[in-house]
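Single-structure report; data block below.
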């Protein structure tokens, strides 16, 4: 891991903070214009920091939704949420301190306000749930926080959210940013798997600090957590997702939206790292997740996690058993790692970078058709005895690689020969780890040209 460097955000970072259930996630979604963070009306809905890119008035910034801050939290999970919120404040350029206008100023608000004042950072004070135009006088008490003028806003309706964003932009200083070159080059990586297989532990190991809350309670991660880093000149943008259970096992709206968000992360990713609990062994749900990744067109790297707890098998034995059980994995890298100790984690980064970069490879048409010409020499006929001829091929897309092969009888090409063609393209052009899309087309005028 010595060659890993963690990229720091260069866009201004804006953290939304406040006590539980004041509407931080609703405001987060309002600013983004989409339902990104999960809101369910229950305190403590957000646990991890949630990062997203936002823009207002031509200025882009990184918006961070944090868990409800509880200074005196005693249980382990609430303490972890508090630690995450505190860390978000130390890294943010500006904090939006959100209070609840319907409950008024509370002792907890004053504790958080004192912490913000002592930190000396820039802060905007916003009072949420101000849905009535005449609600002005109740805001006066928030001046006692000593954080300037309280800005009324309704995260639900969007009322005066534009005024809040205008005030936010006014606080920005000139700062560097990830340019479009970084964003365009970045390989989007989703960490997916069943609940409690160690996804958050792995992303924390990659970051070098706690980005996701780690707890032995399944379902701790609810919203996607993002991390940007550079590995050997490859820009990687990781997303830690909620655990994926069978649809019949999903319990309640929070887990439903968490699961849907994880599925969306797969659809938007270039590469998915599917973590399997090596100590527990693989189960059918692992196969379902891997098949979901492949079906989406996403690249796949399989990582057997918790390798530090396994002593009776070698990496080769474990990999062989897994591929024997799931033959489709023979085209995808299978690694054994330990997110807890960091053992072989660099191999995971190498595989992700290799798969992500290969997915963007465009094969020269001449090289591609040289292979097609070699394959066309193989005798292939339909059941009726008609010759099937491969004419030529083109690559019409990347990420994932997609090819069109022209033939005289596209509907008659048998499935086993289609797989043979795919395997030949994989081996020839080193497409391990990514699905290939192959379309078979009829070349118009072929018969006339032959006759």
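Residue numbers (this note's numbering): 27 to 477.
Backbone N, C-alpha and C fix where the C-beta goes; we use that ideal spot for every residue, glycine too.
Note that the structure is a prediction, hence the values are computed from the model and not measured.
Separation of the CB atoms of residue 38 and residue 122 is rounded to 12 Å, and the pair is thereby denied contact status at 8 Å. Collapsing the DSSP output to three states places residue 458 in coil. Where residue 355 is concerned, there is no enclosing beta strand (DSSP E), because DSSP gives it neither an H nor an E. If you compare the alpha carbons of 315, 311, 218 and 301 with that of residue 267, the shortest gap goes to 218.
Linking residue 254 to residue 295 through their CA atoms gives a straight-line distance of about 14 Å.
Close CB contacts of residue 329 within its chain, under the 6 Å cut and outside five residues either way in sequence, are with 299, 301, 361, 363 and 374 (chain order). The residues 308, 355 and 360, in chain order, have a CB closer than 7 Å to that of residue 348 in the same chain once the five nearest residues on each side in sequence are set aside.
Shown here for residue 195: same chain residues with a beta carbon closer than 7 Å to its own, the five before and five after excluded, namely 82, 83 and 85 in chain order. About 6 Å separates the beta carbons of residue 414 and residue 438, which is inside the 8 Å limit, making them a contact pair.
Residue state for residue 173 is assigned as coil, using DSSP reduced to three classes. In terms of Cβ geometry, residue 368 and residue 224 do not form a close pair [threshold 7 Å].
Here residue 345 has 360 as same chain residues with Cβ atoms under 6 Å from its own Cβ, once five neighbours each way along the sequence are excluded. When DSSP reads this structure, residue 57 sits in no beta bridge, so it has no partner. For the region 398 to 430, the continuous beta strand (DSSP E) assignments of 3+ residues that do not extend past its boundaries occur at 416 to 423, in sequence order. Beta-bridge pairing by DSSP links residue 264 to 215 and 253. Counting the other CB atoms within 10 Å of its CB gives residue 89 a total of 16 or more, which places it among the buried residues.
Exclusion of the five residues before and after residue 157 leaves 180, 182, 183 and 185 as the residues of its chain whose Cβ lies within less than 8 Å of its Cβ.
Residue 151 is positioned such that its CB atom lies closer than 7 Å to that of residue 174. Secondary structure note for residue 385: its alpha helix (DSSP H) is the uninterrupted segment 371 to 385. With 16 or more other CB atoms across the displayed protein chains lying within 10 angstroms of its CB, residue 222 is buried. For residue 48, the closest C-alpha among the options 335, 154 and 357 is that of 154. Counting other Cβ atoms within 10 Å of its Cβ, residue 263 reaches 16 or more and is therefore classed as buried.
Put simply, of 305, 387 and 372 the residue whose alpha carbon is nearest the alpha carbon of residue 423 is 387.
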